[in-house]
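Residue numbers (the numbering used here): 1 to 367.
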């Protein structure tokens, strides 16, 4: 194998520079030795005397030195080769030494990255277009569902108002089994008044005891308005609260005061705290007093609840949460009864046995 074989162009170039330097170095050294000795006036030809004198007279300025070939040799050194700028940078060797296979692999990897990025951009656009299509579909489905709910609500109100019999009324009422005996009693003294539904003017969706309700005002073709409470029992199913519609009471307020029933009755009343402590209820440490009136009759009745009882705790908690009470009182459903006495001085004093609801709407709650 020849000396330069396998070294590549870089190795060959370095060998040539080294060989050239070895051949020229002796000549430079001899020339330097000959120049070391300065010429004198005696040894110099006549034509050089003036120049020699001028060299001695005209000295170089302070701080400027003259470099001789000998000094060049001292600066370069005896065996030091010329510095390769490419090697100092450290770049060209690396580029030249990379195998062609690795270069091709790098190109393929770069091409793969570009292809994958392009695919992700295209798929992203497709996903956005798909999302827009899905959202549009959802909006269309929501719109259809809203229309179905609205139609079901209108149909319930229309059928309820148009009912001319107990059976038809029960079909569109909440708790039909519970309110049936109430209806039978109520319509003994009241007649059915079928109404033609026209439109809904105001509507409000609320939640009572985690159950959805709709509070609305329905208008008839004759211009009459009816405030209604409607429970949503399914996606497109509604039932009207008959008890709040007719403001049901087991007996009217004046009859309740005069007859003084001693059995327990669930009464819809307006309630607010009071300090009317008298007669058998004058012990303030034992009882707490509340003023009770009816929606249609503001003749007061004073209700008393024993402190520490469940009813007292419910009433106290309810009024503690109320920042401001209405002038007439808060609409509640309370279980009331008159005490077992015929003392006329206490004819307006009733016992509060239970707190049924914090509004006139009754909801059956699981224990």
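Even glycine gets a Cβ: it sits at the ideal position worked out from N, Cα and C. These numbers were taken from a predicted model, which means no experiment stands behind them.
Cβ neighbours of residue 233 within its own chain (closer than 7 Å, five residues either side excluded): 239. Residues 307 of the same chain have their beta carbon placed closer than 8 Å to that of residue 285, with the five preceding and five following residues left out of the count. Unbroken beta strand (DSSP E) stretches of 3 residues or longer found wholly inside the stretch 319–349: 330–337, given in chain order.
Considering only 207, 191, 295, 197, the residue with the shortest C-alpha distance to residue 270 is 295. For secondary structure counted as the alpha helix (DSSP H) over 4 or more consecutive residues, the stretch 245–309 holds these complete runs in sequence order: 253–259. In the structure shown, the three-state DSSP call for residue 173 is strand. Beta-bridge annotation (DSSP): residue 212 is paired with 207. Looking at the DSSP output, residue 363 bridges to nothing. Closest in C-alpha terms to residue 225, from the list 212, 202, 231, comes 202.
If you look at residue 232, you'll find it in the beta strand (DSSP E) that goes 225–234. The straight-line gap separating the alpha-carbon atoms of residue 214 and residue 156 is approximately 12 Å. In this structure, the alpha-carbon of residue 317 lies about 40 Å from that of residue 191.
DSSP, read as helix, strand or coil, puts residue 168 in helix. Residue 314 sits in a helix when the DSSP states are folded into three classes. Under the 8 Å Cβ criterion, the stretch 326–339 counts as touching the stretch 259–266, having at least three qualifying pairs.
Take the alpha-carbon of residue 197 and the one of residue 159: they are about 8 Å apart.
The continuous beta strand (DSSP E) containing residue 237 extends over residues 237–240. In the DSSP assignment, residue 355 is bridged to 334. Secondary structure of residue 222 (DSSP, three-state): coil. Between residue 211 and residue 172, the alpha-carbon positions lie close to 18 Å from each other. Within the DSSP bridge table, the entry for residue 159 names no partner. Per DSSP, the beta-bridge partners of residue 197 are 220. A direct Cα-Cα distance of roughly 29 Å separates residue 298 from residue 180. By alpha-carbon distance to residue 200, the top candidate from 223, 188, 185, 328 is 223. Residue 279 is classed as exposed because its beta carbon has fewer than 16 other beta carbons within 10 Å across all chains shown. Taking C-alpha positions only, residue 303 is separated from residue 170 by approximately 33 Å. Under DSSP, residue 202 forms a beta bridge with 217. The DSSP-derived three-state label of residue 186 is helix. Looking from the CA of residue 350, the closest CA among 264, 142, 235 belongs to 264.
In this structure residue 332 does not touch residue 229 by the C-beta definition: roughly 16 Å separates them, more than the 8 Å allowed.
Nearest Cα to residue 320 within the set 250, 146, 272: 272.
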